[in-house]
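Participant: Right, I'll just put the structure down here and ask away after.
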Amino acid sequence: MEDVLQLAILALLIIFITISTAIWRLVHKYRKLQMELSNMNKLLDASIKLNSMMHDPELLLTNVVHTATQVIEAEAASIILKDETTNELYFRSANGEKGEVVKGIRLRMGEGIAGWVAQQGRSLRVDEVQNDFRWSSRVADKTNFETRNLICVPIKTSSSILGVIQVLNKVGGKHFTDQDVKLLEAMTLPTGVALENARMYKQLQKSV
């Protein structure tokens with residue numbers, strides 16, 4: 001009788017563990033879906049806002065860096081564009097603690113993480129910048145801004161790379177995620193279109 005009771009208790013324990021595991025998995029999936037839905041809503045709101053500014057590239061760039069820091073929860077963001085004349089990169093728009101200080105600073109193509117992304121045309125997420133072989137401290141030394149982690153994404157058109165956008169330091173001491181990378185990549189689409197349209201309009205004016 002005692003053996004039967006022990007087996008019954010063991011069976012109940014196994015059932016309890018199985019049910020608890022299933023519930024935990026469902027809760028985990030639910031939270032993941034909630035996060036994805038929240039990110040999609042953020043992206044939709046950002047896209048609507050940015051698309052309404054495509055007629056004004058300067059206003060667009062200012063709002064892109066502002067929106068990027070809010071949506072991706074970063075301490076700072078910057079847009080670094082390619083100078084077609086010198087083949088250098090220069091900080092066109094930036095926000096955060098050192099946003100005004102960094103504007104106008106130039107990089108060689110391939111210099112630092114931003115230069116590497118501009119040269120390779122590939123997005124990059126770096127959790128510990130100090131340990132990354134592509135990291136250059138030159139801009140950080142000039143601005144006295146400590147960068148812990150970042151995402152850097154190329155701004156592309158169908159035929160060329162116009163520059164990069166980067167977000168620095170995930171708020172709360174956390175690391176950026178793959179979902180953050182996707183969000184930033186999606187935000188570069190209207191940016192690239194607006195910049196290309198502005199460039200073509202400028203060329204058209206010169207030819208008239």
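Residue numbering for the sequence shown follows UniProt numbering, starting at 1 and increasing by one per position. Cβ atoms here follow ideal geometry from the backbone N, Cα and C, with glycine treated the same way.
1) For residue 130, does the count of other Cβ atoms within 10 angstroms reach 16, so buried, or fall short, so exposed?
2) Cα-Cα, which of 27, 104, 13, 62 is closest to residue 188?
3) Secondary structure at residue 173, three-state DSSP: helix, strand or coil?
4) Determine the direct distance from the alpha carbon of residue 141 to that of residue 128, and round the result to whole angstroms.
5) Tell me the DSSP secondary structure of residue 93 in three-state form.
6) What's the gap between the Cα of residue 201 and the Cα of residue 106?
7) Output the distance between the C-alpha atoms of residue 23 and residue 29, rounded to the nearest integer angstrom.
8) For residue 122, does the count of other Cβ atoms within 10 angstroms reach 16, so buried, or fall short, so exposed?
9) Output needed for residue 159: all residues of its chain with C-beta closer than 8 Å, excluding positions within five of it in sequence on either side, in chain order.
10) Report the option in 83, 206, 89, 177 whose CA atom is closest to the CA atom of residue 72.
11) Within 10 angstroms of the Cβ of residue 171, are there 16 or more other Cβ atoms? Answer buried if so, exposed if not.
12) Rounded to whole angstroms, how far is the Cβ of residue 164 from the Cβ of residue 194, which I believe are closer than 8 Å?
13) What number of angstroms, rounded off, separates the C-alpha of residue 17 from the C-alpha of residue 151?
14) Can you round the beta-carbon distance between residue 147 and residue 196 to whole angstroms, since I take them to be within the 8 Å contact cut?
15) Once DSSP output is grouped into helix, strand and coil, what is the label at residue 207?
16) What does DSSP give as the partner residue(s) for residue 158 in the beta ladder?
17) So if DSSP puts residue 78 in a beta bridge, which residue, or which two residues, is it bridged to?
18) Answer with buried or exposed for residue 13, where buried requires no fewer than 16 other C-beta atoms within 10 angstroms of its C-beta.
19) Which residues mark the beginning and the end of the beta strand (DSSP E) in which residue 134 is found?
Facilitator: Let me spell this out:
1) Translated into positions along the sequence shown, residue 130 becomes position 130. Exposed is the call here.
2) For this step, residue 188 is matched to residue 188 along the sequence shown. For residue 188, the nearest C-alpha among the options comes from 62.
3) Translated into the one-based positions of the sequence shown, residue 173 becomes position 173. Residue 173 falls in the helix class under three-state DSSP.
4) Locating residue 128 in the sequence shown gives position 128, where the first residue counts as 1. Locating residue 141 in the sequence shown gives position 141, where the first residue counts as 1. Approximately 17 Å between the Cα atoms of the pair.
5) The sequence position of residue 93 within the sequence shown is 93, counting from 1. DSSP, read as helix, strand or coil, puts residue 93 in strand.
6) The residue you call residue 201 lines up with position 201 of the sequence shown. The residue you call residue 106 lines up with position 106 of the sequence shown. Looking at the backbone, the Cα of residue 201 and that of residue 106 are separated by about 25 Å.
7) The count along the sequence shown starts at 1 and reaches residue 23 at position 23. The count along the sequence shown starts at 1 and reaches residue 29 at position 29. Cα to Cα, residue 23 sits roughly 10 Å from residue 29.
8) Stepping through the sequence shown from its first residue, residue 122 is reached at position 122. Exposed is the call here.
9) By 1-based counting over the sequence shown, the position of residue 159 is 159. Hits under 8 Å: none found.
10) Residue 72 sits at position 72 when you count from the first residue of the sequence shown. With distances taken between Cα atoms, residue 72 lies closest to 177.
11) Within the sequence shown, residue 171 is the residue found at index 171, counting from 1. With fewer than 16 neighbouring CB atoms inside 10 Å of its own CB, residue 171 falls in the exposed class.
12) The residue given as residue 164 occupies position 164 in the sequence shown. The residue given as residue 194 occupies position 194 in the sequence shown. Residue 164 to residue 194, Cβ: 15 Å. No contact.
13) If you number the sequence shown from 1, residue 17 lands on position 17. If you number the sequence shown from 1, residue 151 lands on position 151. Cα to Cα, residue 17 sits roughly 40 Å from residue 151.
14) The sequence position of residue 147 within the sequence shown is 147, counting from 1. The sequence position of residue 196 within the sequence shown is 196, counting from 1. For residue 147 against residue 196, the beta-carbon gap comes to about 29 Å, at or over 8 Å, which does not count as contact.
15) The residue given as residue 207 occupies position 207 in the sequence shown. Per DSSP, reduced to three states, the secondary structure at residue 207 is helical.
16) Numbered from 1 along the sequence shown, position 158 holds the residue referred to as residue 158. Under DSSP, residue 158 shares a beta bridge with no residue.
17) The residue labelled residue 78 in the question sits at position 78 within the sequence shown. The partner list for residue 78 (beta bridge, DSSP) reads 94, 166.
18) Start at 1 with the first residue of the sequence shown, and residue 13 comes out as number 13. Residue 13 is exposed by the Cβ-count criterion.
19) Looking up residue 134 in the sequence shown gives position 134. Careful: residue 134 lies outside any beta strand (DSSP E) and carries neither H nor E.
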